[in-house]
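Numbering (our numbering), first residue to last: 15 to 494.
Glycine residues also receive a C-beta, built at the ideal position from the N, C-alpha and C atoms.
Report on the structure given below.
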Ligand code: OGA
Ligand code: ZN
Ligand code: ZN
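Right, dumping it as C-alpha cells:
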C-alpha cells in the first residue's frame, strides 16, 4: 500500500478525535498511545513522523497524533541539555493586542508577535493541520481575515498557548513550534547560509576531497561533501569500488538519480553510433550537460572505473561563475548579449528513448539580485539554427567567442586526469567540464576498452532536502 493510500485510510481513524480539540489539551495521551506513536525514539517529533512515512503505512503502525501529543512529544524528547535551558522554552505570558491585531508571546529571552490572521491560518489542531505530512488541511476559503481571539491562555506549564477565536474555534500552539515561527530575519535553512565561492586554476590543488566510505557511512561527511558542491561546484571522492552501480548507491544516500534521456545512469565509453559525443573517444569542449532541457539536471557525477594509461582522457573543469565575472569586467557591452540572447540547443538521438529535445537558453543567467545563476555552453549540441535576426549573428558569435575565451583562460581552467576509484561531482548549472580525446585500444575485445566512466545526474531540490534533513538530524531541531 502506498503512503498516500495510508494517509487517506487514517482519516477514518482520525475522525472521532477531531471533535475533541479542546479536551485534548487537558487530557494527555496514555502511555500506550505514546508508545504506539513513537517509532524510533529519535530526538524529535519531526524525525519521528518522517520515519513513519517509511513504514509504508500499515494501519497498526500509523500514528494518531493529537495536538497534546505533539506538545508532549516535543517536550518528552528534549535532550538533557535542552532541559537545562527549559526556561527559554517556557512561555512567560501571552496576550492579544487588538490595536495591532496580533498576539504577543513572551519567553524569557524573546518576545514574539504573531498576527491574528496568521495564527488562525496556522492553527495546529487536527482539524486544521495534518501532522504526518506537516500540511495545512484547513482551506483558505474558511479563513476569515477579520478573525480575532476571544481568549488567549498559556497552558501546560508554559508549553502551550490556546486561543479561543471569535467564531468559537479553539487553537493550540506548542511553545517550541511557535518560537521557531518568529517573524524576524532569522533564516533556519542551512542551505541558505552557504555562498558560492568562485575559483580559478589554483583550485586544482584545493578541490574538496572525501573518502567514499566516509560519505557513504557518516552523515557529517555526506553533509560536508554536499556543502562543498554548493560552495565550489566541484568536489571529489576517492576510494570508490571499481564497478558499475556505485553512483546509484551514492545517489541513494542523497535521494535518487535524475532520470534523463540517457537513463537512470549512463556508461561513458567509446561506442559506434554513439547517442552522445561523450560516448566516443573524441575531445569534448568545455560544456554543461543537457542544455536542451528546459529544466536541466542540477548536478552531474562521473565515476572513473577505467582510465587510459597513456596520454588522453583527461578532464578539464572551469568555473562558469568566475568566467562570467571576468566577462562582465572586461566586456560589459557583450555581457548584455550573453544575458539576453537565447541560443538554441537540441538533441536528436536514440538512447533510453528516442528524443528530439530542444530548448533555447541565454549564455549567462542572472538571479533576481543580478548575481550569476547559471551558464549554458555546449558547442557539441548547440543547434545549427539560430532564432535571431540575421544581422545579429556576427555579434552573437563574438559574444560566444569572448565567453569561450574567458572559460578557457589559463587563469580559470583546471586539468584533472581522473584515477580509478575517483568520483567527480559538479554543479551542472555552473561548472563546465570537458575531456581530451584518447585512443581506444580494444585488442582484448570489449572488456579491454581503455576507458570507462559511469555517470549519473542529480537535482538540487533533492540535494538541498538531504542537507536540511542531515542538519536537523545533527542539531536535533527543525522548523516545522
Ligand atoms: C559526459 C562527459 C566526459 C568524459 O559524459 O557528459 O562530458 O570524461 N564526459 O568522458
Ligand atoms: Zn484548528
Ligand atoms: Zn558532459
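How long is the line joining the alpha carbons of residue i and residue j, rounded to whole angstroms?
| i | j | result |
| --- | --- | --- |
| residue 177 | residue 169 | 10 Å |
| residue 184 | residue 477 | 39 Å |
| residue 353 | residue 188 | 48 Å |
| residue 275 | residue 366 | 5 Å |
| residue 10 | residue 297 | Because the chain here runs from 15 to 494, residue 10 falls outside it and cannot be looked at. |
| residue 91 | residue 262 | Reliability of the predicted coordinates at residue 91 is poor, the pLDDT of 38 falling under 50, and no value is obtained from them. |
| residue 376 | residue 314 | 21 Å |
| residue 14 | residue 474 | Given a span of 15 to 494 for the chain in the structure shown, any question on residue 14 remains unanswerable. |
| residue 61 | residue 190 | Annotation note: pLDDT 25 at residue 61 (below 50); position unreliable, coordinate value reported separately. Cα-Cα distance, rounded: 15 Å. |
| residue 66 | residue 253 | At residue 66 the pLDDT is 26, less than 50, meaning the model places this residue with poor confidence and gives no usable figure here. |
| residue 55 | residue 277 | Legend: pLDDT at residue 55 = 26, less than 50; position of this residue unreliable, no value from coordinates given. |
| residue 426 | residue 217 | 9 Å |
| residue 157 | residue 301 | 50 Å |
| residue 322 | residue 285 | 16 Å |
Could you give the DSSP three-state label for residue i: helix, strand or coil?
| i | result |
| --- | --- |
| residue 481 | helix |
| residue 353 | helix |
| residue 293 | helix |
| residue 418 | helix |
| residue 252 | strand |
| residue 150 | strand |
| residue 101 | helix |
| residue 491 | coil |
Determine whether the beta carbon atoms of residue i and residue j lie at a separation below 8 Å.
| i | j | result |
| --- | --- | --- |
| residue 305 | residue 392 | yes |
| residue 260 | residue 316 | no |
| residue 471 | residue 266 | no |
| residue 162 | residue 146 | no |
| residue 124 | residue 117 | no |
| residue 240 | residue 449 | no |
| residue 484 | residue 107 | no |
| residue 360 | residue 395 | yes |
Which word fits residue i, buried or exposed, when buried means at least 16 other C-beta atoms lie within 10 angstroms of its C-beta?
| i | result |
| --- | --- |
| residue 207 | exposed |
| residue 398 | exposed |
| residue 57 | Note that residue 57 scores 23 on pLDDT, short of 50, meaning its location in the model is unreliable; the coordinates nonetheless yield the value given after this. Buried, by the Cβ-count rule. |
| residue 113 | exposed |
| residue 447 | buried |
| residue 403 | exposed |
| residue 82 | Only weak support exists for where residue 82 lies, its pLDDT of 45 falling under 50; the coordinates are left without a value. |
| residue 103 | buried |
| residue 154 | exposed |
| residue 486 | buried |
| residue 489 | exposed |
| residue 343 | exposed |
| residue 111 | exposed |
| residue 433 | exposed |
| residue 268 | buried |
| residue 41 | With a pLDDT of only 29 at residue 41, under the threshold of 50, the placement of this residue in the model should not be trusted, and no figure is reported. |
Closer than 8 Å, CB to CB, is residue i near chain C or not?
| i | result |
| --- | --- |
| residue 429 | Within the model displayed, chain C is absent; a lone protein chain is all it includes. |
Relative to the alpha-carbon of residue i, which residue among the options has its alpha-carbon at the smallest distance?
| i | options | result |
| --- | --- | --- |
| residue 388 | 351, 364, 333 | 333 |
| residue 437 | 225, 337, 327, 386 | 225 |
| residue 174 | 186, 251, 164, 405 | 186 |
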